[in-house]
Every structure is written in structure tokens, then in C-alpha cells.
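Everything below concerns the one structure shown next.
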Amino acid sequence: MNVHHNPSRYSGKIIAGFVLTAIGLGLLFQQLNWFFFPSWLFSWPMILIIIGLVRRANNPNNSSWLILIVVGCLFLVEKIFPGENVIHLGWPVIIIAAGLWMIFRRNHELNTKNTPPKEAFANDDFLNPEPAATEPPPVNHSQTSTAEDYLNSFSVFGDIKKNIFSKTFKGGELVNIFAGTHLDFSHADISGRVIIDVMQLFGGTKLVVPPHWQVVSDIAPIFGGVSDKR
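Just so you know, we're using numbering that gives the first Met the number 0 here: the sequence shown kicks off at 0 and counts up by one.
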């Protein structure tokens, strides 16, 4: 039985592995005094920039990486040039970046809905018409969808609590910056495989799903935690 894997997911993990390895080697060399590295190179703003670059390589269609890079660059410039006092420009720039993210994200959604899905491979040897029991079911693109079937949440310094009642939920995207999101899918239903893409920066997300849903988590927490209480 042939199983089709998503190459972009594995390429993103490989990139993340190389980035973590490079950071570890740099810290090791710094402790051994083999090379001189500036202090800002291993600061938390640099970590935000690296996470943004990894997200960009892993999922180019998700524009939330831009927010991470913008926030990281603002605080990084403050560390490199402490006398410039650029932090007071930070929040206007972050708000502008958030607005641009919402605009471009909306355009991407419209283009995605108007474009029919493409097959990943044309060769039948790479297709698996009967997925194994351990794999999530395939995404069903045949059903019509409404605005309630897609979830797009963007929260900054606030909490969002929402009950989902859609019977044909198709997935969505969550962005939390110093914020939290609580989603209850107890009264919702899905047909096939759906994907919820979550980006968190000093935030948290709680998902409540029906007991019969099969949940597959593909998570790479950095200075964070994940809890599955099923």
C-alpha cells in the first residue's frame, strides 16, 4: 500500500531542524570562546524572526509569518542601536502589519474559493484511494461551503470565545498575539479532513472537539507547551 505524504510539511521540518542545529552550534561556540558572536544574535527578537522564516518556508500561503518578523525586527533594532529609541514606533508598525495581513489574507481566501483543487500527483502510484486506519481521512472539496464553514480569528491583547455550529466545517486559521482563543466544536461536524493553522505569540488556544473526531497534531512549540486531554 502506497501512502502519499505532503512534501512541504517534511521540508519545513527539515528547515526547522537545520535552524535549531545552527542555533545550538552557535551557542556552543560562544560558550567555548571559539568565535565571537554579538549578544543580539541570540536574543529573543532573533528567535521571533527565525520562527517567522521557518513558517514562511513551511507554509508560504500563511502570511502570519510577516507579523513575527516585523515584531522581531523592531525589538532587534532596539538591541543593536539602543540609542535610537525605535520601540515607540513599534505598535503603529504592528497595527499596519496586522491590517495588511488581514487584507492579503482575505484576497487569498477569495482566490482559493474560486480555484478548483488540484491533484497532488497525476500518477496513480502515488495515490492512496483507501487510507489506512491510522491516517486522517482525505479532505472533501465536493461540498459547498459558506462563510461559517471557514474560521479566521485574529486576536491582539484580547480573548476570543466562540461556539462553532457548522455541520460542514472546513478548517481555518488562528493568530494570537498576547491573546487567547477558546473554540468549542461540540455541536459542529466535519466531512473529511480539515486543517486548523494556529500561530501564537505569547498566547494560548483551547479547542473542544467531539469525542468521535480523530485529531492529529503537527506542532513545533518553542518556549511553549502542548496538552492533549482526550
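Here a beta-carbon is modelled for each residue, glycine too, at the ideal position from N, C-alpha and C.
Pair within 8 Å by beta-carbon distance, residue i and residue j
i: residue 177; j: residue 202; result: yes
i: residue 163; j: residue 184; result: yes
i: residue 48; j: residue 68; result: yes
i: residue 36; j: residue 23; result: no
i: residue 182; j: residue 161; result: yes
Cβ shell of residue i (< 7 Å), same chain only, five flanking positions each side left out
i: residue 79; result: 39
i: residue 248; result: In the structure displayed, the chain extends from 0 to 229; residue 248 sits before or after that span and is not available.
i: residue 139; result: Summary for residue 139: the model assigns pLDDT 42, below 50, so the residue's position carries little reliability; its value from the coordinates is reported in the next sentence. Taken in chain order, the residues that qualify are 190 and 191.
i: residue 96; result: 65, 66 and 69
i: residue 21; result: none
i: residue 209; result: 184 and 185
Residue i burial status per 10 Å Cβ neighbour count (16 or more: buried)
i: residue 51; result: buried
i: residue 225; result: exposed
i: residue 199; result: buried
i: residue 64; result: buried
i: residue 187; result: buried
i: residue 117; result: Because the pLDDT of residue 117 is 43, which lies under 50, any placement of that residue in the model is unreliable, and the question is left without a value.
i: residue 215; result: exposed
i: residue 207; result: exposed
i: residue 175; result: buried
i: residue 143; result: Residue confidence is low: residue 143 scores 39 on pLDDT, short of 50, so the model does not pin down where it sits. Its coordinate-derived value is still stated next. By the neighbour-count rule (16 or more Cβ atoms within 10 Å), residue 143 is not buried but exposed.
Rounded distance between the beta-carbons of residue j and residue i, thought under 8 Å
i: residue 193; j: residue 173; result: About 13 Å separates the two Cβ atoms, so there is no contact after all.
i: residue 71; j: residue 44; result: 4 Å
i: residue 19; j: residue 42; result: Contact doesn't hold; Cβ gap of about 16 Å is too wide.
Beta-carbon contacts of residue i that lie in its chain and below 8 Å, excluding the five residues immediately before and after
i: residue 171; result: 149, 150, 151, 152, 195 and 196
i: residue 141; result: Confidence at residue 141 is low in this model, with a pLDDT of 37, below 50, so the placement of that residue should be treated as unreliable; the coordinate-derived value is given next. Closer than 8 Å at the Cβ level, and outside the excluded window around residue 141, lies no residue.
i: residue 227; result: 214 and 216
i: residue 99; result: 65
i: residue 17; result: none
6 Å Cβ shell around residue i - same chain, five flanking residues per side excluded
i: residue 211; result: none
i: residue 166; result: 188
i: residue 147; result: 165
i: residue 55; result: 64
i: residue 157; result: 178
i: residue 31; result: none
Distance cut-off 7 Å: residue i Cβ against heavy atoms of the ligand ADP
i: residue 65; result: Within the structure as shown, the ligand ADP is missing, as the structure has no ligands at all.
- Please list the segments of the alpha helix (DSSP H) lying wholly inside the stretch 166-218, counting only runs of 4 or more residues, in order along the chain. Secondary structure in the stretch 166-218: no alpha helix (DSSP H) run of 4 residues or longer lies completely within the stretch.
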